[in-house]
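Here the protein sequences come in this chain order: Z and X.
Heads up: the first sequence begins at 53 in my numbering, then just goes up one per residue.
Heads up: the second sequence begins at -10 in my numbering, then just goes up one per residue.
Ideal Cβ positions, reconstructed from N, Cα and C, are used throughout, including at glycine.
Working notes, structure below.
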Amino acid sequence: MSVTNLWVLAEPVGDSVSSTSKELISQARRLGATVTAVTWGSHGQDVASVVGSFGAERLLDLGDLGAVLPAAVVAATLAPLLSSEGPEALLIPASNDGRDVAGRLSALLDTPVLTNVTGLRDNAGLESEHPIFGGTQTVVARLRASGPGLFVVRAKSFVAEVTSGAVAQRITVATTAPSSRAATIRNSHVEERTGPALEDASVVVSGGRGLGDAASYELVKELAQLLQGAPGASRAIVDAGWVPYSHQVGQTGKTVKPDLYIACGISGATQHMVGMKGASHIVAINKDPDAPIFSISDFGIVGDVHTVLPALIAALKARS
Amino acid sequence: MNVVVCVKQIPDPAAVQSLDAQHRLNRTGKSILDEADTYGVEVALRLVEAAGDGEVSLVSMGEASDLTGIRSALAMGALRATVVADPALKGADALTTAKVLAAAISRQMPDLILAATESSDGYTGTLPVQIAQLLDLPALTFATSVVVEGDSVVVHRQTEAGYDEVVAQLPALVTVTAGVVEPRYATFKGIMAAKSRPIDVVSAADLGLPASALDPRQDIVAVETAATKDAGEKYVDDGEGAARIVSYLEQIKILSGSAS
């Protein structure tokens, strides 16, 4: 039984969908399936051309949901549709809202959910790949249950690829009221950020606990700026409150795949490595010669970030 | 204001991790309270202290042979714990775990349920929302701050761009991210008090869950060793570390040829 019919949760961002949504539509099409995207928000018309260009044939549009967290109503609406239309799986981006939708659908459909997926293959049915122990091993899983499988997929697991100029057939879907009371969004706060977005930057410079204190993170920011890159961080210093969560790279943060990743004072906890080991070139600066980060780095300097970084910044400034 | 916190005992993350013959995480070594859960316990204690009445209790699923981790959460100030321990639950998936914890929670239906966004061993990260759905509750996830205003809970929820202020009527479920508060250290008095606080160890049957609800429905078909890359060059900084990095960046064409 090969895969024929896959649905993808296409999470709206502005008048388009998230990059991970595009990656999932592309992968679903590569698996040879007919692809149905599911979205919400007030830009369904625009989203129909975006998802169509990546290979979705249909777009189920739930429309504007109002100022609520979307998961409860999205899940309540999708659950009966997934049961009646019976795709092999719903592929879900591993975002905050994506994970919430997956959890609710799992309970509503009484079906397990596979998370942290980084690979999907058709082996007489879907098999999913999950990195464990910092990506040193890969678990391959498949669902025993029949009925739609729920797969929550990490960002940048697949390449997004525009394949046509076709517009997906947009089908508006009336929403089903969820059984729980709503979680209402009162207001949104946007943190100011300059330079390229962390997940899109071709150079990422990240700092970790080896920086010693929050003030030393300025060195990371300065180096990132000189390389036209984005500053990132390990979970340790985000938890310590030195930098906002939006900078976090790793299992519980962002997945990045830049051309160059410079890890400054990051030991290389498995939690961090899962989020950056896909970088084309990895440079590590760390005092501890046995730090795990050196096992995946292409170029390592065993040294103190407080001396190496200022020297590197000075050298780059001298060139410009 | 009664708050239930979902907590988990996990293998010490500092120890070497391995899988057993059934491809499950080896849990035979020492286990500890998941550090991610200490934030939920701290937030719960502060909310109850602010409300001036009520209590913090814990629910957990796992083996009951070593309850050191649960005791350490009690030592922080939680007053009681329910631990669902059942051989039939070994290898349970997240939904099964959610059914078990939802059943345990509904015996004492609190005003608020707190959990970490994900555990530090399995990282599945869907369990709290599954519990919310099973109990028909609003779920306010990825919270970096939690306050109670009247009969509502208000959180700051992490977003890609910053945060949203999200509100829901109680009862509700909230997941908190790590690092949102400084978890208190257990005092000697707390540790002594924790020894006598009740831990109710129950089976799935005690919660009214039939064995059929516990069947695993996903299979691990293989565990493969991921492709490793060769260890790269490594130099001890002798004052030339920065210069070496610059040459490397030229070599990989991030920087154009050496400046004149």
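With a cutoff of 8 Å on beta-carbon distance, residue 301/Z and residue 285/Z are scored as near each other. Burial state of residue 328/Z is buried, judged by a 10 Å Cβ sphere holding 16 or more other Cβ atoms. Annotation: residue 95/Z has no Cβ neighbours in chain X at a cutoff of 8 Å; minimum Cβ distance is about 17 Å. Nearest to residue 168/Z by alpha-carbon distance, out of 273/Z, 306/Z, 341/Z, is 306/Z. Within the stretch 157 to 180 of chain Z, the residues whose Cβ lies closer than 9 Å to some Cβ of chain X are 157, 158, 159, 160, 162, 163, 164, 165, 166, 167, 168, 175, 179, listed in chain order.
Of all residues in the stretch 143 to 155 of chain X, only 143, 144, 145, 146, 147, 148, 149, 150, 151, 152, 153, 154, 155 come within less than 9 Å of chain Z when Cβ atoms are compared, listed by chain position. Sequence-ordered contacts of the stretch 341 to 354 of chain Z with chain X read 341, 346, 347, 348, 349, 350, 351, 352, 353, 354 [C-beta pairs closer than 9 Å]. The C-beta of residue 203/Z comes no closer than 8 Å to any C-beta of chain X.
The beta-bridge partner set that DSSP reports for residue 97/X is empty. Note on residue 334/Z: 16 or more other CB atoms within 10 angstroms of its CB, so buried under the neighbour-count rule. Its chain contains 91 as the residues whose beta carbon lies nearer than 6 Å to that of residue 124/X, once the 5 sequence neighbours on both sides are disregarded; these appear in chain order. Short of 7 Å from the beta carbon of residue 188/X, and not among the five residues preceding or following it, lie these beta carbons of its own chain, in chain order: 56, 59, 70, 72. For the pair residue 211/Z and residue 75/Z, the CB atoms are nearer than the 8 Å cut-off. According to DSSP, residue pairing for residue 50/X in a beta bridge involves 73/X. Distances from the alpha-carbon of residue 144/Z to those of 105/Z, 185/Z, 88/Z put 88/Z closest. With a beta-carbon spacing of about 5 Å, residue 117/Z and residue 92/Z fall inside the 8 Å limit used to define contacts.
Judged by their CB atoms, residue 258/Z and residue 153/X are not nearer to each other than the 8 Å cut-off. In this structure, 5/X is the residue among 111/X, 5/X, 28/X with its C-alpha nearest to the C-alpha of residue 19/X. Straight-line spacing of the CA atoms in residue 9/X and residue 323/Z works out to 21 Å.
C-alpha of residue 127/Z to C-alpha of residue 297/Z: approximately 27 Å in a straight line.
Within the same chain, and ignoring the five residues on either side of residue 203/Z in sequence, the residues whose Cβ sits closer than 7 Å to its Cβ are 141, 143, 144, 166, 169, 172, 180. One alpha carbon belongs to residue 87/X, the other to residue 117/X, and they sit about 7 Å apart. The criterion of a C-beta distance shorter than 8 Å is not satisfied by residue 106/Z and residue 251/Z.
Assignment of residue 277/Z by DSSP, reduced to helix, strand and coil, places it in the helix class. At a cut-off of 8 Å between beta-carbon atoms, residue 185/Z makes contact with chain X. Residues of chain Z with a Cβ closer than 9 Å to the Cβ of residue 225/X are, in chain order, 341, 353, 354, 355. Among the residues facing chain X, residue 276/Z is not included, as its CB has no counterpart in that chain under 8 Å away. Per the C-alpha coordinates, the member of 178/Z, 332/Z, 96/Z positioned closest to residue 194/Z is 178/Z. Using a Cβ distance threshold of 8 Å, residue 316/Z and residue 354/Z do not count as a contacting pair.
In the displayed model, residue 224/X falls within a strand according to three-state DSSP.
Less than 8 Å separates the beta-carbon of residue 99/X from that of residue -9/X. For residue 11/X, no Cβ of chain Z is located within less than 8 Å of the residue's own Cβ. If you draw a straight line from the Cα of residue 174/X to the Cα of residue 62/X, it comes to about 10 Å.
Interface flag for residue 118/X against chain Z is set, since a Cβ pair is found closer than 8 Å. A buried status is given to residue 350/Z, since no fewer than 16 other beta-carbon atoms sit within 10 Å of its beta-carbon.
Residues of chain X whose Cβ lies closer than 7 Å to the Cβ of residue 319/Z do not exist; the shortest such Cβ separation is about 12 Å.
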